[in-house]
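Going by numbering that gives the first Met the number 0, the letters in the sequence shown line up with residues 0 to 262, in that order. For each residue, glycine too, the CB sits at the ideal point set by N, CA and C. All of these numbers come straight from a predicted model, not from anything done at the bench.
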Amino acid sequence: MGSPELRDGRPGSGGSPDAVKALRLLRRRREWAWTAASGLIGLVAYSIVGANFFENLTGTLYVISVIPMFVLLALIPAGLVAAVVDTVRLHRLAPSTRASASYALLDGALDDRPPRHLAVGLSGWLVLGCLVLIPVAYLPRQVDAVAYLAGFGHQDTFIPVSHRQACGQDGCSTVTDGILKETGEDVTWSARVTLGRPFPVRAPVWLTGPGTELVLSASTAAGTTIIGLYFEITAAVMALVAIPQARCRLARLRARITATAAS
């Protein structure tokens, strides 16, 4: 239970408006901090994926792939700055009011109330969207890795055609572009091999267009599968947290609209 000052300070109760303001700022500051932290986690995860998956993209696909990174980069300082601003505003209130609000927040006095700042909820959904995009973008590569480990797919012959530099966070390396003899698909072997000397490979089961990377070995496939599972679990946990909150906000919004229409 919150303090009497805060309970009486709720809208329509005739209590202290400073108490309501302090409690609202505390919760909003906490959510801005979580937004910045989630953005940082998402940025690190997306950078790992980008270094291993997006380095071969060009044109429109490359532009689409870097949009989430810029969104996450913007959310981190935005969350930090907003949290600092709310902290400054809190310190303008009386110490006793801040203390009461802190105790009330720990007691869950506002757990059933949505944040009043639209930007907080919007930034949280942007972070969630970016975190969900990561496993979606990584899924074709994970499917090929699982198929390689399970023995699915068919054998084909890789014909090396040309070398090029692929650059990521760990620097640049030479990869080999070529085609599959049976299907004629353009694929990439993420290492340097002798041109014009074909060799047998496992054909990918999910071709994502020119430059689809072939699975090099069982160890590579196992690592790719584990990374994909990590991103999927992270996105699922974030979604399980966000969906109930969204339902609560929608229910309260409908209730407000109904109450306004009735009055």
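Item                                                                                                                                                          : Value
Work out the CA separation of Thr34 and Val131 for me, nearest whole Å.                                                                                       : 15 Å
What residue range does the beta strand (DSSP E) around Phe198 cover?                                                                                         : 198-201
I'd like to know whether the C-beta atoms of Leu127 and Ala18 end up nearer to each other than 8 Å.                                                           : no
Check Arg163 in the structure and name its three-state DSSP category.                                                                                         : strand
On the DSSP letters alone, give me the boundaries of the beta strand (DSSP E) that Trp188 sits inside.                                                        : 185-188
For Gly195, which of Val135, Lys180, Ser189 has the nearest alpha-carbon?                                                                                     : Lys180
According to DSSP, Ser99 sits in a beta bridge with which residue or residues?                                                                                : The partner list for Ser99 (beta bridge, DSSP) is empty, contrary to what the question assumes.
Between Leu206 and Glu184, is the Cβ-Cβ spacing less than 8 Å?                                                                                                : yes
Going by beta carbon distance, what residues of the same chain come within less than 7 Å of Met237, once the five residues before and after it are set aside? : Leu127, Leu130
Grouping DSSP H, G and I as helix and E and B as strand, with all else coil, what is Ala216?                                                                  : With the sequence shown as reference, residue 216 is identified as Ser, and Ala is not the correct amino acid for it. Three-state result, Ser216: coil.
At the level of alpha carbons, what is the spacing between Arg88 and Leu24?                                                                                   : 8 Å
What do you get for Phe198, buried or exposed, if any count of 16 or more other CB atoms within 10 angstroms of its CB means buried?                          : exposed
So which of Tyr45, Val192, Pro134 has the shortest CA-CA distance to Thr224?                                                                                  : Pro134
Counting only the same chain and skipping the five closest in sequence on each side, list residues whose C-beta sits under 6 Å from that of Gln154.           : Pro199
Is the beta carbon of Thr219 less than 8 Å from the beta carbon of Ala44?                                                                                     : no
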